[in-house]
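For reference, each letter of the sequence shown is one residue, going 1187 to 1549 in my numbering.
A short worksheet on the structure shown next.
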Amino acid sequence: FTFSQLLIVGTLTVVFQLDYLMTKDLGFEDDGIVTVFTPWRGEAQDRKRLITALQQEANILDMSVQMNPFLREGWNRSFITYEQGGQVLSMDINANAADTSFLSFYELPLLAGKNYLANAPSDQVVVNEALAHAMGYDDVSGAVGAVLNKDQSNPYTVVGVIPDVHFQSLHNDIEPFMLRYTEKGRAIGLRIPMDDRMPSTMGRIEDLWKSVYPEIAFDPEFLDDTVARFYQNERQVSSLASVATVVAILISCLGLFGLISFTVVQRSKEMGIRKILGASMTNIGRLLSKEFMILTGISFLIATPIAYQLIQNWMSGFAYQASLGWWIYVLGGLLSMVIALMTISTKVWQASRANPIDSLRHE
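Written as C-alpha cells, this is what we have:
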C-alpha cells in the first residue's frame, strides 16, 4: 500500500498541475485565435493578396501579421547592449516583429509610452516589463526613450512598455521581450467566432488559402492546440501514472484481500464465539480491520516523505506551479484508507454472515 499511496499522490499532483497549466490566465486574450503560416520563400505579392482577401471577410473579427505567433516555442533570440549608469551592459532577449495591430489583436495594454507606427522610423520597439526591469527601471515608464543596440549595431528606441504576459510555456519564467514593426511577417493571426459560424469561417479561410497557394496544404494552428503541445509530456505522464495507479491499487487490494481472508480463517473460532456472545457485525469488523488500518496508516507515514521529495523534484521543472499543500498528501492517504476499508469490509461482511456453529462444531 506504500507504493499505491505514492502513485495516488503522484497522479493527483500531475492532474492538478496539468489543470493549472491549461487554465492559467496567460495575460492576453487567447480566445478564438488561429494562425496560418505562409511559405517562407513565397512571393510577397501572394502573401499580400491573401491578407487583403482575409481582411474583407466579415466573420474574421481581427487580424495581425507577425513573424511568429505570440505563443510559440523557438522565438528569435537577440543579443542587445544598453547603457546604465555610464556602463555598457548586455543581455539575451526574445524578439519578435509584427504589424501595428499586434497589441490590439492580443488586447495588450500599454503601461507606458505608445505603440510603434507603420510610417514611423523602423528603429522603434515596444518592450515588456521584464526587459524594463532588467535594464534597471523600477518604474517602467523610465524605459521609454532608452536605446537598445542589437549585435553592436542597429540601435532601437523604446517607445512603449507592455505588461508581462506568458508567451512561452509555463515551464519557463517570463523573459525579457522586444517587439518591432514589420509588414513582412509570414504568420497571419486570425480571431474567429467560436460559435456556429466557426466551421463555415474556417472553410472560407481554407478556400482563400487554396486560391493563393493551390499546391500547398492548408495547415492552420489553433492557439489551444499550441498550448496542449507545450504540455504533451505531462499528459503522457498523467496517463501512465493513472494506469500504474490502478494496477498498483488492484494488486494491493488482492494482497490485502488475501491477508484478511487468511486472518478470518485463523480467527474463525474466535469470531464464532463472539457472535454467540452477541457481537455485532460492526464489532467483528472493527476487530478484523483494526490492525490492517494501522498498517495502512504506517504505509502512509512511509509514503508521505518519499512522495514529497519526488513531487518537489518534478514540480521544480515548472516556473509556475499549482498551489498544492499538505492536503494533497492527506487526500492520497484518505483514498488509500477508503480503498483498504472497502476491501476489508467485503470479507468482513462474508465472515459475519457465516454460521458460528460451522466454526465450532469440531471443538
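Cβ coordinates follow ideal geometry from the N, Cα and C atoms, glycine included.
Query - DSSP state of Gln1507 mapped onto helix, strand, coil - result: Translated into positions along the sequence shown, residue 1507 becomes position 321. Reduced to three states, the DSSP call for Gln1507 is coil.
Query raised in the report: Count the other CB atoms within 10 Å of the CB of Trp1395; is the residue buried (16 or more) or exposed (fewer)?
Result: Residue numbering aside, residue 1395 sits at position 209 when the sequence shown is read from its first letter. The residue is buried, with at least 16 neighbouring Cβ atoms inside 10 Å.
Query - With 16 other Cβ atoms within 10 Å as the buried cut-off, status of Leu1303 - result: Position 117 of the sequence shown, counted from the start, is the residue given in the question as residue 1303. The residue is exposed, with fewer than 16 neighbouring Cβ atoms inside 10 Å.
Report task. Any chance you could list the beta strand (DSSP E) runs of at least 3 consecutive residues sitting entirely within the stretch 1232-1319, in chain order? Result -> 1248-1252, 1262-1270, 1273-1284, 1310-1314
Requested in this report: Go ahead and pull the three-state DSSP assignment for Phe1404.
Outcome: Taking the first residue of the sequence shown as 1, we reach residue 1404 at position 218. DSSP places Phe1404 in coil when its eight states are reduced to three.
Query raised in the report: From the DSSP output, which residues share a beta bridge with Thr1199?
Result: What you label residue 1199 is simply residue 13 of the sequence shown in a count that begins at 1. None, per the DSSP bridge assignment.
Requested in this report: Measure the beta-carbon distance from Pro1349 to Gly1213 and round it to whole angstroms, keeping in mind my assumption that it falls under 8 Å.
Outcome: Translated into the one-based positions of the sequence shown, residue 1349 becomes position 163. Translated into the one-based positions of the sequence shown, residue 1213 becomes position 27. Indeed, because the Cβ distance is near 6 Å, the residues count as touching under 8 Å.
Query - Contact check, Leu1442 vs Val1220, beta carbons under 8 Å - result: Here residue 1442 refers to the residue found at position 256 of the sequence shown. Here residue 1220 refers to the residue found at position 34 of the sequence shown. No, Cβ-Cβ distance for Leu1442 and Val1220 is not below 8 Å.
Requested in this report: Can you say whether Val1200 is buried or exposed, counting buried as having 16 or more other CB atoms within 10 angstroms of its CB?
Outcome: Locating residue 1200 in the sequence shown gives position 14, where the first residue counts as 1. Under this definition Val1200 is a buried residue.
Report task. Locate the alpha helix (DSSP H) running through Phe1416, then write down its first and last residues. Result -> Walking along the sequence shown from the start, residue 1416 turns up at place 230. 1409-1416 is the span of the alpha helix (DSSP H), which, as asked, contains Phe1416.
Query raised in the report: By how many angstroms is the C-alpha of Ile1378 removed from the C-alpha of Thr1431?
Result: For the purposes of this step, residue 1431 is taken as residue 245 along the sequence shown, with counting starting at 1. For the purposes of this step, residue 1378 is taken as residue 192 along the sequence shown, with counting starting at 1. Using only the alpha carbons, I get a separation of about 41 Å.
Query raised in the report: Between which two residues does the alpha helix (DSSP H) harbouring Gly1389 extend?
Result: Counted from its first residue, the sequence shown places residue 1389 at position 203. Counting along the chain, the alpha helix (DSSP H) containing Gly1389 begins and ends at 1384-1398.
**Report entry** Closest by C-alpha distance to Met1501, when choosing among Ser1327, Gly1196, Val1524, Asn1282
**Finding:** For the purposes of this step, residue 1501 is identified with residue 315 of the sequence shown, where counting begins at 1. Nearest C-alpha to Met1501: Gly1196.
**Report entry** Contact check, Asn1301 vs Ala1281, beta carbons under 8 Å
**Finding:** As a working mapping, residue 1301 is identified with position 115 in the sequence shown. As a working mapping, residue 1281 is identified with position 95 in the sequence shown. Result no, Cβ atoms of Asn1301 and Ala1281 do not sit closer than 8 Å.
Query raised in the report: Does the beta carbon of Thr1224 fall short of 7 Å from some heavy atom of the ligand FAD?
Result: The model depicted lacks the ligand FAD and carries no ligand whatsoever.
Requested in this report: Please look up how many angstroms separate the CB atoms of Ile1525 and Ile1402, rounded, as I've assumed it's under 8 Å.
Outcome: The residue you call residue 1525 lines up with position 339 of the sequence shown. The residue you call residue 1402 lines up with position 216 of the sequence shown. Ile1525 to Ile1402, Cβ: 55 Å. No contact.
Query raised in the report: Under three-state DSSP, which class holds Tyr1367?
Result: As a first step, residue 1367 is located in the sequence shown; it is residue number 181 there, counting from the start. In the structure shown, the three-state DSSP call for Tyr1367 is strand.
Requested in this report: Report the residue from Glu1243, Ser1475, Phe1189 whose alpha carbon sits nearest the alpha carbon of Thr1387.
Outcome: Taking the sequence shown and counting its residues from 1, one reaches residue 1387 at position 201. Per the Cα distances, Glu1243.
Query raised in the report: Which of helix, strand or coil does DSSP assign to Phe1353?
Result: Residue numbering aside, residue 1353 sits at position 167 when the sequence shown is read from its first letter. In this structure, Phe1353 counts as coil in the three-state DSSP scheme.
Query raised in the report: CB Ala1283 to CB Met1253, shorter than 8 Å?
Result: The residue you call residue 1283 lines up with position 97 of the sequence shown. The residue you call residue 1253 lines up with position 67 of the sequence shown. In contact: Ala1283 and Met1253 (Cβ atoms closer than 8 Å).
**Report entry** For Lys1476, the three-state DSSP class (helix, strand or coil)
**Finding:** Translated into the one-based positions of the sequence shown, residue 1476 becomes position 290. Helix, per DSSP.
Requested in this report: May I ask you to report which of helix, strand or coil DSSP gives Gly1554?
Outcome: Because residue 1554 is not part of the residues shown, which for the chain are 1187 to 1549, the question remains open.
**Report entry** Integer-rounded CB distance, given that Tyr1515 should sit under 8 Å from Thr1490
**Finding:** Residue 1490 sits at position 304 when you count from the first residue of the sequence shown. Residue 1515 sits at position 329 when you count from the first residue of the sequence shown. That belief holds up - the Cβ atoms of Thr1490 and Tyr1515 are roughly 5 Å apart, short of 8 Å.
**Report entry** Whole-angstrom distance between Tyr1399 and Ala1230, CA atom to CA atom
**Finding:** The residue given as residue 1230 occupies position 44 in the sequence shown. The residue given as residue 1399 occupies position 213 in the sequence shown. So the alpha carbons of these two residues sit roughly 12 Å apart.
Query raised in the report: Pick from Thr1529, Pro1225, Val1413, Trp1535: whose alpha carbon is nearest that of Asp1211?
Result: Within the sequence shown, the letter at position 25 stands for residue 1211. Nearest option by C-alpha distance: Val1413.
Query raised in the report: Hey, how far is the Cα of Ile1360 from the Cα of Ile1279?
Result: Counted from its first residue, the sequence shown places residue 1360 at position 174. Counted from its first residue, the sequence shown places residue 1279 at position 93. Distance between the alpha carbons of Ile1360 and Ile1279 is about 11 Å.
Query raised in the report: DSSP beta-bridge partners for Pro1341?
Result: Here the question's residue 1341 lines up with position 155 in the sequence shown. Bridge partners of Pro1341: Asn1335.
Requested in this report: Work out the CA separation of Val1344 and Gly1331 for me, nearest whole Å.
Outcome: For the purposes of this step, residue 1331 is identified with residue 145 of the sequence shown, where counting begins at 1. For the purposes of this step, residue 1344 is identified with residue 158 of the sequence shown, where counting begins at 1. Roughly 5 Å separates the two Cα atoms.
Query raised in the report: Thinking just about the alpha-carbon of each residue, which of Tyr1417, Tyr1292, Phe1408, Phe1189 is nearest to the one in Met1380?
Result: Along the sequence shown, one-based indexing puts residue 1380 at 194. Put simply, of Tyr1417, Tyr1292, Phe1408, Phe1189 the residue whose alpha carbon is nearest the alpha carbon of Met1380 is Phe1408.
Query raised in the report: Can you give the Cα-Cα distance for Leu1440 and Ala1316, rounded to whole angstroms?
Result: For this step, residue 1440 is matched to residue 254 along the sequence shown. For this step, residue 1316 is matched to residue 130 along the sequence shown. Taking the straight line from one Cα to the other gives about 55 Å.
Query - Pro1341 beta carbon less than 8 Å from that of Val1347 - result: Against the sequence shown, residue 1347 aligns to sequence position 161. Against the sequence shown, residue 1341 aligns to sequence position 155. Their beta carbons are not under 8 Å apart, which means Val1347 does not touch Pro1341 by this criterion.
Query raised in the report: So what's Ile1348 in DSSP terms, helix, strand or just coil?
Result: Walking along the sequence shown from the start, residue 1348 turns up at place 162. Of the three classes helix, strand and coil, the one that applies to Ile1348 here is strand, per DSSP.
Report task. Could you have a look at Phe1448 and say whether DSSP puts it in helix, strand or coil? Result -> Here residue 1448 refers to the residue found at position 262 of the sequence shown. Assignment of Phe1448 by DSSP, reduced to helix, strand and coil, places it in the helix class.
Query raised in the report: Under 8 Å, do Phe1486 and Ser1522 count as touching if we go by C-beta distance?
Result: Translated into positions along the sequence shown, residue 1486 becomes position 300. Translated into positions along the sequence shown, residue 1522 becomes position 336. Yes.
Query raised in the report: Using the rule of at least 16 other Cβ atoms within 10 Å of the residue's Cβ for burial, across every protein chain shown, is Val1222 buried or exposed?
Result: As a working mapping, residue 1222 is identified with position 36 in the sequence shown. The residue is buried, with at least 16 neighbouring Cβ atoms inside 10 Å.
Requested in this report: Find out if the Cβ-Cβ distance for the pair Gly1518, Leu1240 is shorter than 8 Å.
Outcome: Position 332 of the sequence shown, counted from the first residue, corresponds to residue 1518. Position 54 of the sequence shown, counted from the first residue, corresponds to residue 1240. No.
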